[in-house]
Amino acid sequence: MEELGKRVVDKGWLAARSTDVDFTGVELTTTHPPSAAKAPWMEAVIPGTVMATLVKNKVVPDPFYGLENEAILDIADSGREYYTFWFFKTFQCKLSNSQYLELNFRAINYSAEVYLNGHKEILPKGMFRRHSIDITNNLNPDGENLLAVLVYPPDHPGKIPPQGGQGGDHEIGKDVAAQYVEGWDWMAPIRDRNTGIWDEVSLLVTGPVKIVDPHLVTSFFDGYKRAYLHTTTGFVNKSSSVAECSLNIQVSLELQENVCLVEHLLTQQISIPAGASVQYTFPEVGLLSHS
1 MEELGKRVVD KGWLAARSTD VDFTGVELTT THPPSAAKAP WMEAVIPGTV MATLVKNKVV
61 PDPFYGLENE AILDIADSGR EYYTFWFFKT FQCKLSNSQY LELNFRAINY SAEVYLNGHK
121 EILPKGMFRR HSIDITNNLN PDGENLLAVL VYPPDHPGKI PPQGGQGGDH EIGKDVAAQY
181 VEGWDWMAPI RDRNTGIWDE VSLLVTGPVK IVDPHLVTSF FDGYKRAYLH TTTGFVNKSS
241 SVAECSLNIQ VSLELQENVC LVEHLLTQQI SIPAGASVQY TFPEVGLLSH S
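The numbering used here numbers the first residue of the sequence shown as 1 and each following residue consecutively.
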């Protein structure tokens, strides 16, 4: 049985240029997984860009020093395939019957295909999108799981004119991505256009019900002597039966390091239908300062 909660997955990743790998995502996560950082595979930087991985492995010079960036091939000249990369990771996980597992990517630039133990998931495009995949039913019974992610650069990486200029040809503006990567007055062009798994990857073990995107807004009055809490959150019931839930709002005050005062404010009871996603808004809660 796994411990409930989040596990960050930032160690032990491998990477390889897609054109140097002879196997499909299904094969990489079933019959032909890479076993070590041997060519074409190398140690990957996660979270990080393709460029960060190439610099770490001394495939390219560090672009932050001198004119080294000029020695690195730009995606406009190499083509998108040159910076399309596989990322590979193994992990252990065995769940109990009442547990569920999600694979979460906080951001990938720009699009990706995710393979787990031979199962494929295509992620929506966008540099700043969060991705959450329920992988409970795709885990291997023995607990050893194979994960491969094929990451593609932006669809419109653009070109930088020989004379430079603000944002190159601005083609990157057709994608939901950072606009400065073709170069600006304050920085040189980024050769891979920030392609990669550039933010946190994590595994989340939950029970049948998951809290989604809690949102808290506080309104203050009378010089911060009165406050009202407006709380909304989503819930997903992954089970096949109705979930009867008790929702609590608590406020904690840190008195000193590792010592907190917790005040219980409100409890609500809700029923979440089987397999449903619901949003719930708590009644407004008022707080009064006694100072």
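Backbone N, C-alpha and C define an ideal beta-carbon position, used for all residues, glycine too. The structure displayed is predicted, hence computed values, not measured ones.
**Item:** Start and end residues, alpha helix (DSSP H) containing residue 77
**Value:** 75 to 78
**6 Å CB neighbourhood of residue 216 in its chain, flanking five on each side removed** = 231
**Item:** Limits of the alpha helix (DSSP H) - the one that residue 52 falls within
**Value:** 50 to 56
**Item:** Whole-Å CB distance - residue 271 paired with residue 244, under 8 Å assumed
**Value:** 6 Å
**Prompt:** Buried or exposed: residue 111, going by 16 or more other Cβ atoms within 10 Å of its Cβ?
**Reply:** buried
**Request:** Mind checking which residues open and close the alpha helix (DSSP H) that includes residue 139?
**Result:** Here residue 139 belongs to no alpha helix (DSSP H), and DSSP marks it neither H nor E.
**Item:** C-alpha distance - residue 246 paired with residue 269, whole-angstrom precision
**Value:** 5 Å
**Message:** Quick check: the region 188 to 204 against the region 144 to 160, are at least 3 beta-carbon pairs closer than 8 Å?
**Reply:** yes
**Secondary structure of residue 223, DSSP reduced to three states** = coil
**Message:** Considering only heavy atoms of the ligand NAP, does any lie closer than 7 Å to the CB of residue 22?
**Reply:** The ligand content of the structure shown is nil, which means the ligand NAP is not present either.
**Message:** Can you tell me which residues form a DSSP beta bridge with residue 293?
**Reply:** Nothing in the structure corresponds to residue 293, since the chain is present only between 1 and 291.
**Message:** Pairs of beta-carbons, one from the region 134 to 153 and one from the region 83 to 90, closer than 8 Å: are there three or more?
**Reply:** yes
**Message:** Taking the straight line between their C-alpha atoms, what separation do you get for residue 96 and residue 197?
**Reply:** 30 Å
**Request:** Determine the burial state of residue 181: buried for a count of at least 16 other Cβ atoms within 10 Å of its Cβ, exposed for fewer.
**Result:** buried
**residue 274, DSSP secondary structure in three states** = coil
**Asked** Using the C-alpha atoms, what's the distance from residue 289 back to residue 228?
**Response** 12 Å
**Prompt:** Taking C-alpha atoms, which residue in 178, 4 and 70 lies nearest to residue 128?
**Reply:** 178
**Asked** Are the region 60 to 80 and the region 207 to 216 touching by the rule of at least three beta carbon pairs closer than 8 Å?
**Response** no
**Alpha-carbon to alpha-carbon, residue 75 and residue 172** = 12 Å
**Prompt:** Going by C-alpha distance, which of 199, 281 and 233 is nearest residue 48?
**Reply:** 199
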